[in-house]
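Spelled out as structure tokens, the structure:
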């Protein structure tokens, strides 16, 4: 189902990771060729989400964020507050609506430290998520969404402070209804790029090699650093999440044909704790495009659990 509202837009610049390559030597660890391809992949992994949008596209995304609040959030709701540029815009707008009295008695459940800080600045009352928490509605950014299924990927951006993919997925999956706020390129574009994979730290190399074997032709595996440039080994300061896990970026160098199948394969690997694929939950995509704003709803038939 789609509802279109006419607004002007500019197409978001596309990003492709085609023609990148490295090899994994399973006896000696990772070996790879340095050069322009590695530098290009480094830049792809470190691009902040806000820099991907020109002024017109940012305006469209803000319009989508406001429309999400106006369409789905009602007084008295408990709302999961997502992370990312669009979520930041929605949080700011929700705070303004609370101050104006248009919406009342909202309680926010932040998915990250950054969304908690933004909500406090916006004047949104907050509560901590607990297993028994009832969340009426949640919104968030998505790095990419698979058209038709609305299976999404989150967590491509470098994690800051105490942010947690596990916490964000838990809160989004707990919501009675979920909306992803995206541009058309994130929704209708060819699915390229990375999927973050959380792995146990003590045997991360073995897990990385197993993932690399599984996706040998399609993707590369790099360990995410906490500072500096990315690389197969994650440099001298690999990122350790607050739960104590390493983050591997599974970087597809050819189109991702089936996100659900990728998630299933990752779930079956020993050492994988979680990943950035979200599926099997009822959700909508609020899509900003050059042709207008579309609200696409596709609740899965089997929505009792999610990747």
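In our numbering, the protein residues as written are 449 to 755.
Beta carbons: idealized from backbone N, C-alpha and C, even for Gly.
(message) Within 10 Å of its beta-carbon, does residue 528 have 16 or more other beta-carbons around it, so buried, or fewer, so exposed?
(response) buried
(request) Rounded to whole angstroms, what's the CA-CA distance from residue 668 to residue 642? Just pull it up for me. (result) 9 Å
(message) Below 7 Å, is the gap between the Cβ of residue 549 and the nearest heavy atom of the ligand SAM?
(response) In terms of ligand content, the structure shown is empty, and the ligand SAM therefore cannot be addressed.
(request) Check whether the Cβ atoms of residue 628 and residue 593 lie closer than 8 Å to each other. (result) yes
(message) At the level of alpha carbons, what is the spacing between residue 534 and residue 617?
(response) 17 Å
(request) With DSSP as the reference, label residue 456 as helix, strand or coil. (result) Unreliable positioning characterises residue 456 in this predicted model, as indicated by a pLDDT of 34, which lies under 50. The coordinate reading is nonetheless provided below. It is coil, neither helix nor strand.
(request) Identify whether residue 665 lies in helix, strand or coil by the three-state DSSP scheme. (result) coil
(message) Going by DSSP in three states, residue 581 sits in which element: helix, strand or coil?
(response) coil
(request) Give a yes or no on whether the C-beta atoms belonging to residue 562 and residue 531 are separated by under 8 Å. (result) yes
(message) Would residue 711 and residue 635 be called neighbours here (beta carbons separated by less than 8 Å)?
(response) no
(request) Name the two residues that bound the continuous alpha helix (DSSP H) containing residue 625. (result) Run containing residue 625: none; DSSP gives neither H nor E here.
(request) Within 10 angstroms of the Cβ of residue 742, are there 16 or more other Cβ atoms? Answer buried if so, exposed if not. (result) buried
(message) Assuming residue 590 is part of the beta strand (DSSP E), what are its boundary residues?
(response) Note, residue 590: premise wrong, no beta strand (DSSP E); not H, not E.
(message) Quick check on the burial criterion: 16 or more other C-beta atoms within 10 angstroms. Buried or exposed for residue 720?
(response) buried
(message) Under 8 Å, with one C-beta from each stretch per pair, do the region 556-574 and the region 685-699 reach the 3-pair mark?
(response) no
(message) Just to confirm the assignment, what range does the beta strand (DSSP E) spanning residue 700 have?
(response) 693-700
(message) Under DSSP, the beta strand (DSSP E) around residue 737 begins and ends at which residues?
(response) 731-737
(request) Assign residue 698 to buried or exposed, taking buried as 16 or more other Cβ atoms, counted over all protein chains shown, within 10 Å of its Cβ. (result) buried
(request) State the Cα-Cα distance for the pair residue 672 and residue 666, rounded to the nearest angstrom. (result) 19 Å
(message) What does the Cβ neighbour count give for residue 639, buried or exposed, with the cut at 16 atoms within 10 Å?
(response) buried
(message) DSSP has residue 671 in a bridge; who is on the other side?
(response) 679 and 696
(request) Determine the DSSP secondary structure at residue 595, reduced to helix, strand or coil. (result) coil
(request) State the DSSP-derived secondary structure class of residue 762, mapped to helix, strand or coil. (result) The chain is shown only over 449 to 755; residue 762 falls outside these bounds and no answer can be derived.
(request) Could you pull the start and end residues of the beta strand (DSSP E) that residue 529 belongs to? (result) 526-529
(request) Note down, in chain order, each residue of its chain lying with its Cβ closer than 8 Å to the Cβ of residue 571, except the 5 sequence neighbours on either side. (result) 543, 546 and 547
(request) Compute the beta-carbon to beta-carbon distance between residue 648 and residue 730, rounded to the nearest angstrom, for a pair I have assumed lies under 8 Å. (result) Rounded, the Cβ-Cβ distance is 31 Å, inconsistent with contact.
(message) Using only the alpha-carbon positions, how far apart do residue 615 and residue 708 sit?
(response) 20 Å
(message) Can you give me the C-alpha to C-alpha distance between residue 611 and residue 687, rounded to a whole angstrom?
(response) 12 Å
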